[in-house]
Amino acid sequence: MDVFTTIQNRRSIRAYKDKAIEEPVLNKVLEAARLAPSAGNNQAWKFMVVKDPETRKELAVASKGQKQVEQAPVILVGISMEPEGKMPNGQQRGPIDLSIAFSFMVLEATELGLGTCWLGAYDEGEVKNILGIPAPLRVIAMTPLGYPAEHPPAKPRKSADQIVIYEKYS
Ligand SMILES: Cc1cc2nc3c(=O)[nH]c(=O)nc-3n(C[C@H](O)[C@H](O)[C@H](O)COP(=O)(O)O)c2cc1C
875 MDVFTTIQNR RSIRAYKDKA IEEPVLNKVL EAARLAPSAG NNQAWKFMVV
925 KDPETRKELA VASKGQKQVE QAPVILVGIS MEPEGKMPNG QQRGPIDLSI
975 AFSFMVLEAT ELGLGTCWLG AYDEGEVKNI LGIPAPLRVI AMTPLGYPAE
1025 HPPAKPRKSA DQIVIYEKYS
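Letter by letter, the sequence shown follows residues 875 to 1044 in the working numbering.
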């Protein structure tokens, strides 16, 4: 699959098969994060892999009861190690770096036949407690990872002429 086809095929998956992810497959997804760019090549990130069923159950509760968190065999958790770090443009590096790395993982997962669902609906404090993540660090994103048990249709998107502006802002 080329990158564009992978982008077209990706969906948020909220139902997963009860099937473990083979280690080489999981490692390839993680490798996509490792190779992602970051501001100043800082790489101030950690990627947690959670497989334990009890921990996943706790994470599901911390994620407003989203059942896919408990159902998927793996939960990936993206942590910023320097959440206060800023770029010269004043924007925070952490959420941007982590979002790029997560996007790379999501696309690699899609190419490998795996499903993901970016999670923003979770209580960060609870997630940190459950996983023992030190208070100053930030949990930027999480996603379940597993073999899809659903194949949802594409969600609508705005048209190009609604979102693309050429030359000067108008
Ligand atoms: C930053 C972000 C946070 C999201 N949080 C959640 C979430 O907590 N739970 C969920 O089911 N989907 C979540 N989503 C998935 C979006 O609902 C989904 O991407 C959107 O509806 C478009 O559907 P698609 O991903 O299948 O194209 C999130 C997506 C993004 C990018």
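Think of the CB as a built atom: it goes at the ideal place given N, C-alpha and C, for glycine as much as any other residue.
Bounding residues of the alpha helix (DSSP H) (the contiguous stretch that carries residue i)
i, result
"methionine 979", "967–985"
"leucine 904", "897–908"
"isoleucine 1004", "998–1005"
"valine 923", "Premise fails: valine 923 lies in the beta strand (DSSP E), 919–924, not in any alpha helix (DSSP H)."
Outcome for residue i when other beta-carbon atoms lying within 10 angstroms are tallied against a minimum of 16
i, result
"methionine 961", "exposed"
"glycine 964", "exposed"
"valine 980", "buried"
"valine 951", "buried"
"phenylalanine 976", "buried"
Neighbourhood of residue i by C-beta distance below 8 Å, restricted to the same chain and skipping five residues each side
i, result
"asparagine 916", "Glu956, Gly959, Arg967, Asp971"
"glycine 994", "Ala1015"
Residue i in three-state terms, based on DSSP
i, result
"valine 943", "helix"
"proline 1030", "coil"
"alanine 844", "Residue 844 lies beyond the range of the chain shown here (875 to 1044); nothing can be said about it."
"proline 1008", "coil"
Residues near residue i in its chain [Cβ-Cβ closer than 6 Å; skip 5 each side]
i, result
"arginine 885", "Pro1026"
"glutamate 1000", "Ala936"
"proline 969", "Ile1014"
Residues near residue i in its chain [Cβ-Cβ closer than 7 Å; skip 5 each side]
i, result
"glutamate 944", "Arg930, Lys931, Ala934"
Run of the beta strand (DSSP E) containing residue i, from where it starts to where it stops
i, result
"leucine 993", "That residue, leucine 993, is in no beta strand (DSSP E); it is neither H nor E in DSSP."
Three CB pairs or more closer than 8 Å across the stretch 912–926 and the stretch 980–988: no
Cβ contact (3+ pairs, closer than 8 Å) linking the stretch 885–894 and the stretch 1016–1030: yes
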